[in-house]
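One structure is given below, encoded as C-alpha cells.
4 protein chains.
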Amino acid sequence: MRNSLGEQVIFTLFGESHGPYIGGTLDNLPAGLVVDEERIKRALARRRPDGKSSTARVERDAFQIISGVYKGRTTGEPLTLIIQNENVHSGDYPEGLVRPGHADYVAHELSGGYNDPRGGGHFSGRLTAAIVALGEICRMALETKGVAVMTHIYRIGDIYDQTIDNLEENGKTLQNSNFPVLSKKKGEAMLALIEAAKAERDSIGGVTETIISGLPLGLGNPWFGSLEGVLSNAMFGLGGVKGIEFGEGFNFASMKGSEANDGYQYKDGEVVLLSNHNGGINGGISNGEPVVFRLAIKPISSIAKAQPSINTASHENVILELKGRHDPCIVHRICSAVDGLTSIVLLDEFMKAFGKIYFCVK
Amino acid sequence: MRNSLGEQVIFTLFGESHGPYIGGTLDNLPAGLVVDEERIKRALARRRPDGKSSTARVERDAFQIISGVYKGRTTGEPLTLIIQNENVHSGDYPEGLVRPGHADYVAHELSGGYNDPRGGGHFSGRLTAAIVALGEICRMALETKGVAVMTHIYRIGDIYDQTIDNLEENGKTLQNSNFPVLSKKKGEAMLALIEAAKAERDSIGGVTETIISGLPLGLGNPWFGSLEGVLSNAMFGLGGVKGIEFGEGFNFASMKGSEANDGYQYKDGEVVLLSNHNGGINGGISNGEPVVFRLAIKPISSIAKAQPSINTASHENVILELKGRHDPCIVHRICSAVDGLTSIVLLDEFMKAFGKIYFCVK
Amino acid sequence: MRNSLGEQVIFTLFGESHGPYIGGTLDNLPAGLVVDEERIKRALARRRPDGKSSTARVERDAFQIISGVYKGRTTGEPLTLIIQNENVHSGDYPEGLVRPGHADYVAHELSGGYNDPRGGGHFSGRLTAAIVALGEICRMALETKGVAVMTHIYRIGDIYDQTIDNLEENGKTLQNSNFPVLSKKKGEAMLALIEAAKAERDSIGGVTETIISGLPLGLGNPWFGSLEGVLSNAMFGLGGVKGIEFGEGFNFASMKGSEANDGYQYKDGEVVLLSNHNGGINGGISNGEPVVFRLAIKPISSIAKAQPSINTASHENVILELKGRHDPCIVHRICSAVDGLTSIVLLDEFMKAFGKIYFCVK
Amino acid sequence: MRNSLGEQVIFTLFGESHGPYIGGTLDNLPAGLVVDEERIKRALARRRPDGKSSTARVERDAFQIISGVYKGRTTGEPLTLIIQNENVHSGDYPEGLVRPGHADYVAHELSGGYNDPRGGGHFSGRLTAAIVALGEICRMALETKGVAVMTHIYRIGDIYDQTIDNLEENGKTLQNSNFPVLSKKKGEAMLALIEAAKAERDSIGGVTETIISGLPLGLGNPWFGSLEGVLSNAMFGLGGVKGIEFGEGFNFASMKGSEANDGYQYKDGEVVLLSNHNGGINGGISNGEPVVFRLAIKPISSIAKAQPSINTASHENVILELKGRHDPCIVHRICSAVDGLTSIVLLDEFMKAFGKIYFCVK
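Protein chains in written order, with this note's numbering: chain A, 1 to 362; chain B, 1 to 362; chain C, 1 to 362; chain D, 1 to 362.
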C-alpha cells in the first residue's frame, strides 16, 4: 500500500497541491450511512488557516461527492470525493530548488525528475483536506455507536495545554475550533510563540494529543495488526509527524511495573480498570478504556530564513530564502487531519472485528 | 493482516508459549540467499536470558528449517522455521487469573475464553525467538548490499547509554552481546537498577535505539506506506512497545525549523546532508542518511509484587502475587527482536522499491 | 479487495451508471510514462456502441485526468481519471423491479435497499469505460517492453471467428475496430445472429479470445498468485463473464499427456517450446510463449422479451418487459475492456517480478 | 500474495515434495471451532491414491497441529499443521531434466537454478495434502452454518458422470470416496480409460464439478472481489487446472438471454429463483441458490512415454522417458483438494461479509 489504507474499508488518496483536484475514495463502507454535507463543511472549516498563525493561502474547499452516495446515504460502493484547488501560486516554487527538511529532494530522485514539484506536488499538506472530508463521513458512522474522537494541541514549544479530564465538556470546547486547546490562557501563550517564530522568519513544532472514547474491547490484534500499529502507520502518513506514543509512552522508561500496570476490579458485575496508563490498549487490542495517543510534530520545514541547499537543475549550492505563503506552525491545523484519519482507521477496525453488518442500517 | 507482515516478502508468525513449537514463514524471499545456521544460532544466543537480569527460563532454542532451503540456500519458496518449546511450567499460570498490564484479559474476552492462557499463549514474548531467527536470514541478505542494523539500550530508568558515534566500531561492540550497551559503566548502572527492581519484586522500563546504515535513497513511500509507518506498525507488534520516534522525535516539539531542517550541499558531485535531525527519512522515504529510531518499552507487567486483579473463572476480585519466572526488565532482550524485525521490514521495502531481482544471486 | 486490484500497481474503480462521473485510480505507476490522450480516446472509441448491434445510449466519454500526470508523463503518484456521465434516462428503470440474470436483486439485498438502482448503479457495464481508459495507459507502458495485448470475438452463438495465426497482421486488423473479428465473412454472420436476437427482443452470448505476445518467462507465481489466477480474478469482475480457460482449456479433458505436453528444444542456444497447448503458462508462471485465454460471455440479461420477476417495492410477482436501451450482445463491446483489464494486471505482474524500476524512464 | 490466500482468514502454504515436512497456516480463524482430528484423517484418506488408477507412492500423511488449537478447539490465533514426508525416492528425478508440461523449467529459470527440483519441489501436488487437512477444519466450521461442499468427477476423457440432482443423497455417495462419482457404471468406464492411458505409458485429463449448498445471499462483491473471481484465483493454484466455469459456463455462448436468465418469484413470502443457470452467483455475489462450478483438469504431464525435452545442466536436447511413480490421472485425486480449497475460500468470504463474530462460539 502506498496511498491506500485499510483492509475492509479501503481509503485511497490522490491529487497534487497545484493540480486541478485533490480527493479520495472510501471503498466498502457500510450501506445506509447518513452523509451530512454540512458536517463535512464544518470539518473542513476547522482545518482552514485562520488569522496570523497560518498561511495566507485560503481556499473555499468546495467539494463534490461523485460516487457512492444516493439520496443522502452511502450505497456501500466506492465513495469518491473531489475538492477543487484554487488560489494556486505555482511561481512561488522555482524549478530545481529543494527545501531542506521537506520531501522535495527524495521526490525528485525517486521519480527520476518526473514528479510534480509545484507546491510539493503529491507530498503537500493540501491533501489533508481530503482526509478531513472523508474522515468526517467515518466519524459520523462511529458516533452512531457511541465512539467520539477528539484531538487537541498538547504542546507547542514548551507550552502545554491542560489535561483532558472531562470527555464531554472538553469535546464541546474543541469541536469546531481551528486552534483546539482547552486552556484559553495556554492557547494565547502558544499563539505568542508562533508569532515570535514567524517574526524570525522561522517555524516551531509541537505535540498533539488524541482521545478516543466509547471503544469496545476487541479492536486490534496481537503482533502485526495491533491497534497501536495500524494507527501509527496511518499517522506517519501525515507530513511532519516524527513520533507517536500511547498512554504513558516514553514516560514508561522510568516507571516501575507496579506503577505502570492498570489493575482490574469487578464493580457491579462489570470489569473496570483502576487506571489507564496503557492508553486503552493491551496486547495490541482495545481494552474498553479511552485510547490515548500523542504525535510529535516537527516544525514546518518551509521557512523564509536563509538555509544552505542545492539546485538540482543547475547542480549548484545555493542559499535558500523561501518566499511563498507558509504556515509558521501546523500543529493546530493537523488536529483535524488526525481526527479524520483516526476515524477512517477505526471504522476499518470495527469492520474487521465485528463485520460490515455491524454498521449497516436496517 | 494479524500475524503477518509485508507485501513482497511476507512474514507470518505462529505458536504459543507452552505449545509444542513456535515458528514462522517467510514467503517470496529472493532465491539463492545463503542461510548460515551458525549466524542464526548466534542471533538466538543474543536473545537468551543471561545471569541475574533475566528470567530463569532458559531454552536451547533448537530450530529446524522445514521448507524453502535447498543445499544451504533459499529457493525463493516459503521458508518455514520451527523452534521446539522446552522447559515449560504451565502450572505457574493458574486458570482465570489475569495479569494487570498484560494481554490476558483482552485475549480471554476476544476469544470467548477459547484462548490458550498458558504463559500468555500466543501473546508471549517467547515468539520473538522466531522473529530473531527469521530476521537473521533477512539481515544476512541486507548485508550483501552494505546495509547494517544495530540496536542498543538507549536508556533504562534514567540511565542513558552513550551516543552511537562510530557505526563500525559501535557495531562490533554491540554484536553478539545480550546486554547491548556502548558504555560499560552505564551498563553496570543499568544492571544495578534492574537488580533493585527485582529485589522489590518489581520491574523497570526503558528505551532502545536502532541505527540502520547503508540504506540507499528511495525506500518507503509518501502517505500510507511511509518507511516510518511500516517500521512502526511492525515494532508495535512487539509486546511492551508503547512509543516510537524517528530522528529528533519528541524533541522536535521545542525546535525551530531552522534548527530541525537538514541542509543539502554538493560535495565532489554528490549530494550530502549537513545534519540528520530527520533520522534519515523525508516525506516517508529514506534519504540516504542513517535511519534512526527509538522505542519506548514499558516495564514488564508480570511482577511478583501484590496487585489488584480479577479471576475470570470465579468472577472474584483478587490480590495477585505472581510466582513464575519473569524478567524484571526486557529492554536488553528486546534488542535482538528489534534487529530481526527491522531486517524483515527492510528486505520487504527493498523488494518493493527495487524488485525481487535486486537480491537474486546470478 | 472489492473494487480494487493489484499489489504494486493498485487499480481502484468507482462510479455509478447514472451518477455524475465514473472513474478510477492507478496508484504506484512507474514515473515518466508517456500518457497519450489521443490513444485513450481511440481506445474509448473502440468500446462505444456502433450501429445496429448495440445500445442507442451513445456517450462522448469526455475524460479528465485530475492527478498523477505532469507535463504529459506519469509522476508515479496516484493517477485519477474521471469520465462524465451524459445521456442518462433514469426513468427507464422503474423502482423495485429487478431484472432476472442481473445483479439488481443481490445489490438491493446486500445494501439493505440503499443501493443506487438507476441503470444498474455501480453494477453497470458503463464503468468499463474507466477500465478501458486507464488500461490504455498501462498498455502503452507494456508496449515499450514489446508486449502486445489483443482480443477478438472468438465466437457468437455457434459462429466462430478464424484462428489468430499471425500476431502482427491480426493485431493490425483488430486494433481500432469496435467489432473485432479477423474473418470479415464470419463477422457478418455474427452480426446477422445479433440482429436476429434483437428482432426477437432477446440477446445472445459468445466467447472472446485474448492473446498476449512478448511476455518474458517469469510473470506469475506458484499456487495462489498464479498468472492464470490473477487474470481470472480480474476477468470475472467484468459483468457477463462466466468462464475462463487457458490454452486448450476444457479440451484438455479428452487429451492425453503426450498430446497436451509442450516439448522443449534448444535452438541456436535458446530454449524453444515445440507447441503451446498450455497457453504460455506452466506452474502458474509465464513460460515465454504467447499467453492465450478465452472468456465465456453470457447473453446480456436486460431483454425486452417478457420474463417472470418480482417488484421488491410492492412485493408482487410481475411479468417484466424491459424498455430502456440495451445491447442485444456485449461480446464485441467487452473486448476493449478485456484488453484494458489485461494490461492493468500485466503491468502489476511485471512490477511484482522485476520491480518498479524496470519501467522507469531514466 | 504468492503462497497465501484470503483477507480475513489467511491461508499460507509451505513445503517441498521431498523436504522434511509440508504444511500450512490458517490465521484469524474464529475461536472455539471444534477441530476433529478424525475428520481430518478421513479427508486425507480420500486424497490418497487407491489401487491401479494412481501412483505407487502411498504415505500415511501423519499430521501434527503445532499451534492455534487448545483443548480441541481453535484459539483464533494462527493454526499451523505440518505433515511429514515419507517414502521419498529423490533419485527418480535426475538433475537438469525438465518435464514438458510441468513447472520444472520455469521453476529453474525463475530461481536462477536455486529451486529444489526433487519431485517438483514446491510445485508438487504433494502439497495439496496440507490444503485437504486445513480445508477440512474450515469445512467443519461451514457445516455448523448449514453449508455443504461436494465435488465429483464430472468427466474423464469423454465419459461423463450423471448429474447431481439430490444434494443430500449425492453427498452421502461422494463423501469418503477416493474416486467420487455418482454413477457406478460411468465410474467403471472412467477407470477403464485411465487403465488404458496407463498401459500406453500416457495420462488422461478430465473435468470436476463442485456444488456448494446452503450459502446465504451476500457472499462476494461486485467487480474485483467477485465470488467467481476469488474461487477462480484459488482453484488455478491447483496444478493441472486450466479452466473454470460457473453455472452454464461456456454453454452460455449459444444461449439466448431468455434461456439464460433465472426468473424470480415470491413463494410464501420468500423470493425464489425459477432456475439456476447462473450457478448461484449474480453480479459476483451469491444469490442463495447452490453455487456450481467446473474445473478443466489437464492430463498429468509426468508420463513414461518418450518426449522431446532438454537437460538444463548439460544444455543438450534429450528424449525423456520418465521412470518414477506417477498418476495416470489426477482428476479423482484433485476432488478432495477442491473441496478443501473451496472451504477455505468460503470461510474467508463469510467473515468478510458477516464478520468473524458470525462463527464464534459463545
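C-beta atoms are modelled at their ideal positions from N, C-alpha and C, and glycine is treated no differently. All values derive from a computational prediction rather than experimental measurement.
Start-to-end residues for the beta strand (DSSP E) that takes in residue i
{"i": "residue 296(B)", "result": "291-297"}
{"i": "residue 15(B)", "result": "10-15"}
{"i": "residue 252(D)", "result": "Premise fails: residue 252(D) is in no beta strand (DSSP E) and is neither H nor E."}
{"i": "residue 210(A)", "result": "206-213"}
{"i": "residue 300(D)", "result": "Residue 300(D) -> no beta strand (DSSP E), and no H or E assigned at all."}
{"i": "residue 151(A)", "result": "148-156"}
{"i": "residue 24(D)", "result": "21-27"}
{"i": "residue 319(D)", "result": "316-320"}
Distance CB(residue i)-CB(residue j) smaller than 8 Å
{"i": "residue 224(C)", "j": "residue 284(D)", "result": "no"}
{"i": "residue 193(B)", "j": "residue 157(B)", "result": "yes"}
{"i": "residue 209(D)", "j": "residue 266(D)", "result": "no"}
{"i": "residue 255(A)", "j": "residue 101(B)", "result": "no"}
{"i": "residue 189(A)", "j": "residue 253(B)", "result": "no"}
{"i": "residue 215(D)", "j": "residue 291(D)", "result": "yes"}
{"i": "residue 96(B)", "j": "residue 301(B)", "result": "no"}
{"i": "residue 303(B)", "j": "residue 257(A)", "result": "yes"}
{"i": "residue 242(D)", "j": "residue 298(D)", "result": "yes"}
{"i": "residue 336(D)", "j": "residue 35(D)", "result": "no"}
Span separating the alpha-carbon of residue i from that of residue j
{"i": "residue 72(B)", "j": "residue 340(C)", "result": "43 Å"}
{"i": "residue 171(A)", "j": "residue 245(C)", "result": "59 Å"}
{"i": "residue 334(A)", "j": "residue 234(A)", "result": "13 Å"}
{"i": "residue 110(C)", "j": "residue 176(A)", "result": "36 Å"}
{"i": "residue 350(B)", "j": "residue 7(B)", "result": "11 Å"}
{"i": "residue 230(B)", "j": "residue 280(B)", "result": "15 Å"}
{"i": "residue 197(C)", "j": "residue 329(C)", "result": "9 Å"}
{"i": "residue 78(B)", "j": "residue 130(D)", "result": "14 Å"}
{"i": "residue 46(C)", "j": "residue 135(C)", "result": "13 Å"}
{"i": "residue 286(B)", "j": "residue 355(C)", "result": "18 Å"}
{"i": "residue 228(B)", "j": "residue 120(B)", "result": "29 Å"}
{"i": "residue 27(D)", "j": "residue 39(B)", "result": "29 Å"}
DSSP three-state assignment for residue i, whether helix, strand or coil
{"i": "residue 114(A)", "result": "coil"}
{"i": "residue 374(D)", "result": "The question about residue 374(D) has no answer, for chain D in this structure spans 1 to 362."}
{"i": "residue 104(A)", "result": "helix"}
{"i": "residue 230(B)", "result": "helix"}
{"i": "residue 86(B)", "result": "coil"}
{"i": "residue 220(D)", "result": "strand"}
{"i": "residue 282(A)", "result": "strand"}
{"i": "residue 276(D)", "result": "coil"}
{"i": "residue 305(A)", "result": "coil"}
For residue j and residue i, believed in contact at Cβ under 8 Å, the rounded distance
{"i": "residue 14(C)", "j": "residue 74(A)", "result": "The Cβ separation is near 13 Å, so there is no contact."}
{"i": "residue 277(C)", "j": "residue 248(C)", "result": "5 Å"}
{"i": "residue 152(D)", "j": "residue 181(D)", "result": "6 Å"}
{"i": "residue 149(D)", "j": "residue 342(D)", "result": "5 Å"}
{"i": "residue 347(A)", "j": "residue 142(A)", "result": "6 Å"}
{"i": "residue 4(C)", "j": "residue 10(C)", "result": "6 Å"}
{"i": "residue 274(C)", "j": "residue 30(D)", "result": "Residue 274(C) to residue 30(D), Cβ: 51 Å. No contact."}
N- and C-terminal bounds of the alpha helix (DSSP H) containing residue i
{"i": "residue 343(C)", "result": "331-354"}
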